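A short worksheet on the structure shown next.
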Amino acid sequence: MTAPANARRAHTARRLGLPPLRGHGLFVTGNLIDSVGNGMLLPLGLLYFTEVLNLPLATVGAAMTAGQALALPVTFLAGRLMDRVGPKRVVVWANILSAAGFALFLTAREPWHIAGVHVLVQAGINMYFTAQRTLIIHVAPAEHRAWFAFTGSLRNIGLAAGAGTAAGALSLFGTGSLRWLIAVDAATYLLAAACFAGLTTSPPQRDGAPPDDDPSARSVHTRRHLVLVAVNLPYVLAQALLSVLVAVYATRALDLPASAASLLFAVNTVIVSACSTVVTAHLAPKAPRRAVSAGYLVMTAAMGAFALPALPGAAATAWAALVAAIVLFSVAEILLGPALSELSVTLTPQAAGGFTQGLYQFSWAVGMVAAPALFTLLLAAGPVLPWGFEAAACLLALLAAPALTTPDRHGRRSPR
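Everything in the sequence shown is counted per this note's numbering, starting at 166 for the first residue and increasing by one.
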């Protein structure tokens, strides 16, 4: 390829907000394959145990929740492990652990077996996301902002591909294909582990800043990181809300066909996958804190749009309101996801370390475990309540976002 052609391609990539991909094929492939495995996870687990083993849905759901809850402390254990061996090894071992959990699906017969295999699978997932953000700044320290957005797009593509693969196989071959799908899913995690094992990493530089050994300064940094964890929780709940509540709300509260939820998910996937890198590169390139504030403002509007059709006399607005809501939700996700991920590793000098990353990932794990019970309980009490609760949480996060500032080496605060 000629030099002008290379220059044009590089210019196009910059305009699209894409990071330099040359030399990062294993990292891209590993992220994509891991997301495919995650996309197959929920439908396969539920369907396999209910359709193939004929266990009651409530029993399977309780066992899955118990297993996921038991895996919560793994975020802190993974953080300590990451400090000792580095993020790459933790990510590799996380995928191997998830693969083992899926393989053991095929031997599970009793509810306690189901809980046990979900401990393994969820432990692998918690380990992976505890180390993945730090791994990004070890793989591409100079372009980490673009990589946060790009890996978010890859994740959406992989989740959609995994869910689509499972849905297609079940449509063509019925529930008899579930055992094969489980085996394929275990293999995807092993393949992802192999990709990550081949990475070349280097710890990021601290730009000449001296180590922060002042106890009072460390206390300030810890408090600032706890604020970030609190600000992140409404985003975690919003992500869970999309998968837990939208389908039930659209069909039961608004009397829309089941295909409505699939359409909304497709719109979300397309927008986030296509626009994350561009928005991150051009609209909020140097101010993740401001992107968080804007994201929560848009997310609050999205919750209002979701709630609108459930208000008295507004049923006729259902389709228009839901489409508007999912578009707003997608824009908020584009603003919040990369910005919160970047702040999680840059907000304080210790942010990329094991304890802080374990604490940040714990907020994700707790939110995902609590969301199904929380939102279904609120929906049973009234169709507007889940959206009102989430809107209030987003407004509180919006008020707290100005505290997400990073101190520079001279003691001043940076408007990140």
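A virtual CB, placed ideally from N, CA and C, is assigned to each residue, including glycine. In this text the structure is predicted, and so the values were computed from the model without any measurement.
A Cβ-Cβ contact shorter than 8 Å links ALA483 with LEU421. For the set ASN260, PRO306, ARG274, VAL304, the Cα lying nearest the Cα of VAL286 is the one of ASN260. Between MET292 and VAL239, the C-beta gap is smaller than 8 Å, which places the two residues in contact.
Per DSSP, reduced to three states, the secondary structure at LEU271 is coil, with no helix or strand assignment. The Cβ neighbour count for PRO567, taken over all protein chains shown within 10 Å, is under 16; the residue is labelled exposed. Taking 8 Å as the cut-off, the beta carbon of LEU262 is found no closer than this to the beta carbon of GLY244. In this chain, the alpha helix (DSSP H) harbouring PRO503 covers 483-511. The beta carbons of GLY460 and ALA497 sit closer together than 8 Å. Closest by C-alpha distance to THR330, out of ASN203, LEU512, LEU569, PRO185, is ASN203. Excluding the 5 residues flanking it on each side, VAL444 has same chain C-beta neighbours closer than 6 Å at ILE499, in chain order.
Here VAL435 carries a helix assignment [DSSP, helix/strand/coil].
The alpha-carbon separation between ALA412 and SER367 amounts to approximately 43 Å. Judged by beta-carbon spacing, LEU493 lies within the 8 Å limit of ALA470, meaning their Cβ atoms are closer than that value. Fewer than three pairs of CB atoms, one per stretch, sit closer than 8 Å, so the stretch 424-433 makes no contact with the stretch 462-480. A Cβ-Cβ contact shorter than 8 Å links LEU393 with LEU508. A distance below 7 Å between beta-carbons, with the five flanking residues on each side excluded, links PHE554 to the following residues of its chain, in chain order: LEU543. Rounded to whole angstroms, the separation of the alpha carbons of MET468 and ALA264 is 36 Å.
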